[in-house]
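I have placed the structure first, in the form of C-alpha cells, so that the comments after it can refer back to it.
Residue numbers (my numbering): 113 to 394.
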C-alpha cells in the first residue's frame, strides 16, 4: 500500500480542473530547458492586463538523484532571491527535508522556512516552521487508497496560540473523487466532486459556504481532450462568471494556452478578462 496524498492535495483533481489553464491575468511566456546532467533552467515573464506591469523571474534547478539532493534558486524582477534545498531519504526512508530562504537585499527582508515530510503506508505527515513569523504548522493524512482523513493546525509561537485549523475527508475510486473541506477554523466549508467519464472527458463540481454569508458558491467545470495536441475547458459560477480555455500544442514542446473570463451579468461593461500563455520547452 502506498502513502496517501499530502493534506494540501486532497481534492486536487477538482482544483486543477477549475483553476489550471486559465491565464486570464494577462500575457505570460515561459521558456524551460533541461541538460543531460540534471540541470533545469526556466525563464518566466508576465504582463498584468489590469496594471500593465511587467514582472518575471529566472530559475535554476539541479537534481542529484543518487544523493537525493535537489537545489533550486530564483531571482525575480522585484530583486528577490529565492532558494530551496531538498534532501530526500538522507536520514531514513520516506523522510524529506526542505530548507527555503527568501532574501530582498535592498529591503533587508529575509524569510526562512523549514519543512519535514514523512511518508509511509497509510500516513502522510508534514511539519513546517516559518522562522520569520514564528509559526509552526503540522498536518497529517491517514487512510487507504480509497478513504482519506486529514487535519491541519497552525500554532503561533510568539502569541502562544493556535492561529488556524482545517480538516478534510475524501473518498476516491478509479474515475471519481468526493472531497469535503472545513477550513479557517471550521468556518468555511467546501464539497467537491470529480469524475473522469472517459479518457478524453472530465467533469467536476464544487459547492462552498462560509459562516456569516448568505447563499452558497457553486462552480462547475469540464475538460474535453480534442486530440493528442489540443484540449478545451469550460467552467461557470453561480455568480455568472463563465470561463473558457483552449490549449494547443503548436509543435513539439511549444504550447499555447488561450483563456477568457466573461461576466454574463455585465456583458456591456468592461468586466471581462482575457489572456494567454506561451510555453517553450526543449
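Glycine included, every Cβ here is placed at the ideal spot set by N, Cα and C.
Using only alpha-carbon positions, find the residue among the options that is nearest to residue i.
i           : options            : result
residue 192 : 131, 296, 167, 238 : 167
residue 370 : 355, 198, 279, 184 : 355
residue 185 : 179, 197, 177, 178 : 197
residue 391 : 365, 279, 382      : 365
residue 273 : 341, 294, 265      : 265
residue 321 : 133, 280, 372, 293 : 293
residue 180 : 172, 209, 194, 154 : 209
residue 217 : 288, 199, 190, 226 : 190
residue 288 : 124, 279, 319      : 124
residue 314 : 115, 117, 128, 382 : 128
residue 170 : 230, 133, 316, 152 : 152
residue 195 : 325, 178, 172      : 172
residue 211 : 204, 242, 233, 187 : 242
Which word fits residue i, buried or exposed, when buried means at least 16 other C-beta atoms lie within 10 angstroms of its C-beta?
i           : result
residue 385 : buried
residue 122 : buried
residue 387 : buried
residue 394 : exposed
residue 200 : buried
residue 312 : exposed
residue 373 : buried
residue 278 : buried
residue 116 : buried
residue 316 : buried
residue 333 : buried
Using DSSP with H/G/I as helix, E/B as strand and the rest coil, what is residue i?
i           : result
residue 271 : coil
residue 376 : coil
residue 218 : coil
residue 128 : helix
residue 149 : coil
residue 120 : helix
residue 196 : strand
residue 160 : strand
residue 381 : coil
Which residue or residues does DSSP assign as beta-bridge partners of residue i?
i           : result
residue 317 : 305, 332
residue 245 : Its beta-bridge partners do not exist; DSSP assigns none.
Determine, using beta carbons only, whether residue i comes closer than 8 Å to chain C.
i           : result
residue 143 : Going by chain labels, chain C is absent from the structure shown, which holds only one protein chain.
Three-pair Cβ contact test at 8 Å for the stretch 229-240 versus the stretch 249-256: yes
At least three beta-carbon pairs within less than 8 Å, the stretch 143-155 to the stretch 281-301: no
Stretch-stretch touch, CB-based, cutoff 8 Å, three pairs: the stretch 158-165 with the stretch 289-305: no
Segment contact flag, the stretch 252-261 with the stretch 127-143, C-beta cutoff 8 Å, min 3 pairs: Between the stretch 252-261 and the stretch 127-143, the count of C-beta pairs closer than 8 Å stays below three; the two stretches do not touch.
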